[in-house]
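*Asks:* The structure's right below; bear with me while I get my questions together.
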DNA sequence: TTAGTTGATGGTACCGCGTACCATTCCTGC
DNA sequence: GCAGGAATGGTACGCGGTACCATCAACTAA
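Protein chains in written order, with this note's numbering: chain F, 1 to 226; chain W, 227 to 452.
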């Protein structure tokens with residue numbers, strides 16, 4: 001009888017949940033409360049969301065799939081671009097959510113169970129990035145750690161900018177995430193990318209470090225083997 | 227009447243839990259089962275462990291406190307040493323657990339709830355490291371991201387070696403974690419360490435990257451401002 | 001010895017999440 | 001109109017986790 005489209009039940013449940021969580025807090029809100037306010041039965045809630053906290057992270061699965069899809073369409077030479085764009089994609093999803101993302105942030109900041117849940121979700125992203133980067137870098141023994149470090153850094157960079165936006169500390173998060181990703185990429189200079197052409201770099205700079213200290217870092221920066 | 231020392235109740239509960247989880251799996255084991263096998267009441271279980279999955283991570287809180295303690299006893303000049311030793315401390319705790327750590331790994335690999343729980347615990351370590359490194363680097367705006375990247379890398383390096391040991395892929399994890407930490411430290415060259423004396427570095431190397439590409443990386447490597 | 005205190009334990013009852021199952025309703029194609 | 005499928009609501013149950021109370025042992029003070 002309801003003239004609303006089918007998916008509106010899910011929407012009403014999400015709205016009711018966020019309202020109640022804001023009014024009484026997460027623990028003091030029962031699933032029955034949410035279902036009642038949404039005007040549906042308890043069973044319907046669990047048909048739309050796997051668990052009570054699932055209503056806080058509604059399209060997490062879609063986001064995971066979106067990342068997979070973006071990473072899948074990349075060649076070796078465009079791997080870094082794919083990673084960067086996947087990060088932008090995630091951040092963009094949060095920004096599009098707007099106020100709801102900020103409400104989730106308020107909830108995950110106060111409720112330990114929700115914070116753990118969000119951290120677990122982030123770990124899924126990190127796993128995707130790790131596997132992708134590891135495949136990209138090749139099966140060498142040493143690259144496994146390198147891939148893990150890079151994936152962790154990529155996710156950390158994203159989270160850093162995301163939290164800044166959630167707290168209202170920035171008005172241009174997309175620009176910031178580009179900068180943060182540039183820092184990450186600079187940390188991991190020139191992975192086994194196919195050599196294009198060899199050039200010679202001569203750098204003269206004043207520094208407080210001794211050449212002996214910084215030479216290893218620069219060797220890694222240019223991907224040269226001693 | 228039991229002539230066993232007081233703490234043995236807790237031990238018996240842990241033993242019973244790991245036994246039953248190994249026999250029937252985690253979900254198919256109830257808290258009553260664990261309490262029964264340990265010969266105590268259900269109430270006693272929850273007096274010793276906050277929740278069912280807490281029995282899997284018994285001394286997580288002590289480990290957190292141990293990290294805090296190790297990081298607290300450090301000056302600016304010994305910060306990196308403190309971080310490295312804290313990482314060694316964590317890894318050592320796992321190794322000392324021996325077979326129990328491997329059983330936990332088997333469980334967390336199969337049961338999603340336990341994996342999430344473990345990830346949340348690791349996030350606590352990462353938070354400690356992030357705050358410590360951020361304090362160490364100073365309050366500058368730019369260092370916030372740098373601290374976050376480094377903390378994520380430190381934890382990733384630890385986890386990488388830990389998982390290798392858990393899988394039996396290495397026999398000398400302490401040496402490996404030193405190497406992994408060295409890689410991490412090399413990624414973040416000489417943070418705002420107190421300037422000693424200025425010298426001039428001239429580096430000439432062949433590389434497949436254009437000078438334009440690698441100049442930013444080298445600028446950061448030597449801590450120079452353009 | 002007796003009385004009171006403290007701590008650990010066991011038991012019972014309860015709440016809330018999540019699942020399984022069943023009955024009802026609505027909607028669609030024949 | 002009728003049959004079949006999808007969505008819904010209701011009921012019952014298992015289990016984790018909490019609150020509360022009663023019991024018992026050990027220690028202490030009179």
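Cβ atoms here follow ideal geometry from the backbone N, Cα and C, with glycine treated the same way.
1) Rounded to whole angstroms, what is the Cα-Cα separation between residue 243 (chain W) and residue 373 (chain W)?
2) What residue from W:398, W:364, W:351 has the CA that sits closest to residue 380 (chain W)'s CA?
3) Secondary structure at residue 355 (chain W), three-state DSSP: helix, strand or coil?
4) Cβ of residue 400 (chain W) within 8 Å of Cβ of residue 317 (chain W)?
5) When you compare the CB positions of residue 122 (chain F) and residue 159 (chain F), do they come within less than 8 Å of one another, or not?
6) To the nearest angstrom, how far is the alpha carbon of residue 107 (chain F) from that of residue 26 (chain F)?
7) Taking Cβ to Cβ, would you say residue 238 (chain W) is nearer than 8 Å to residue 267 (chain W)?
8) Give the residues from the segment 338-356 of chain W that approach chain F closer than 8 Å (Cβ to any Cβ), ordered along the chain.
9) So does residue 372 (chain W) have its beta carbon nearer than 7 Å to some heavy atom of the ligand COA?
10) Would you tell me roughly how many angstroms separate the C-alpha atoms of residue 10 (chain F) and residue 94 (chain F), rounded to the nearest one?
11) Within 10 angstroms of the Cβ of residue 255 (chain W), are there 16 or more other Cβ atoms? Answer buried if so, exposed if not.
12) Output the boundary residues of the alpha helix (DSSP H) element that contains residue 171 (chain F).
13) Just tell me which of W:395, W:387, W:394, W:393 has its CA closest to the CA of residue 410 (chain W).
14) Compare the Cα-Cα distances from residue 157 (chain F) to each of W:394, W:371, W:382 and report the closest residue.
15) Leaving aside the five residues before and after residue 64 (chain F) along the sequence, list all residues of the same chain whose C-beta is less than 8 Å from its C-beta, in chain order.
16) Alpha carbon to alpha carbon, what distance is there between residue 415 (chain W) and residue 206 (chain F)?
17) Using three-state DSSP, classify residue 294 (chain W) as helix, strand or coil.
18) Between F:176, F:55, F:130, which has its C-alpha nearest residue 367 (chain W)'s C-alpha?
19) Give the single residue among F:149, F:171, F:170, F:172 whose Cα lies nearest to the Cα of residue 187 (chain F).
20) Express the C-alpha separation of residue 73 (chain F) and residue 408 (chain W) in angstroms, rounding to a whole number.
21) Classify residue 247 (chain W) as helix, strand or coil using the three-state DSSP reduction.
22) With DSSP run on the structure shown, which of helix, strand or coil describes residue 95 (chain F)?
23) Quick check on residue 114 (chain F): does DSSP put it in helix, strand or coil?
24) Give a yes or no on whether the C-beta atoms belonging to residue 378 (chain W) and residue 120 (chain F) are separated by under 8 Å.
25) On the CB-based measure, 16 or more other CB atoms within 10 Å of its CB, does residue 356 (chain W) come out buried or exposed?
26) Please classify residue 395 (chain W): is it buried, with 16 or more other beta-carbons within 10 angstroms of its beta-carbon, or exposed?
27) For residue 285 (chain W), which of helix, strand or coil comes out of DSSP?
28) For residue 347 (chain W), which three-state DSSP category applies?
29) Rounding to the nearest angstrom, what Cα-Cα distance links residue 80 (chain F) and residue 133 (chain F) in this structure?
30) Could you have a look at residue 149 (chain F) and say whether DSSP puts it in helix, strand or coil?
31) I believe residue 329 (chain W) touches residue 284 (chain W) by the beta-carbon criterion, under 8 Å. Please report the beta-carbon distance rounded to the nearest angstrom.
32) Is DSSP giving residue 272 (chain W) helix, strand or coil here?
33) Can you list, in chain order, the residues of the segment 156-174 of chain F whose Cβ is nearer than 7 Å to any Cβ on chain W?
34) Give the single residue among W:275, W:397, W:311, W:304 whose Cα lies nearest to the Cα of residue 324 (chain W).
35) Can a CB atom of chain W be found closer than 8 Å to the CB of residue 91 (chain F)?
*Replies:* In short, the structure shows the following:
1) 39 Å
2) W:351
3) helix
4) yes
5) yes
6) 8 Å
7) no
8) 341, 342, 343, 345, 346, 349
9) Because no ligand of any kind appears in the structure shown, any question about the ligand COA cannot be addressed here.
10) 19 Å
11) buried
12) Element bounds for residue 171 (chain F): n/a, residue is neither H nor E.
13) W:387
14) W:371
15) 124, 125, 128
16) Since pLDDT at residue 206 (chain F) reaches only 46, below the 50 mark, its modelled position is unreliable, and the value read off the structure follows with that caveat. Using only the alpha carbons, I get a separation of about 15 Å.
17) helix
18) F:176
19) F:149
20) 34 Å
21) helix
22) helix
23) helix
24) no
25) buried
26) exposed
27) coil
28) helix
29) 9 Å
30) helix
31) Contact flag wrong, Cβ pair sits at about 12 Å.
32) helix
33) 156, 157, 160
34) W:397
35) no
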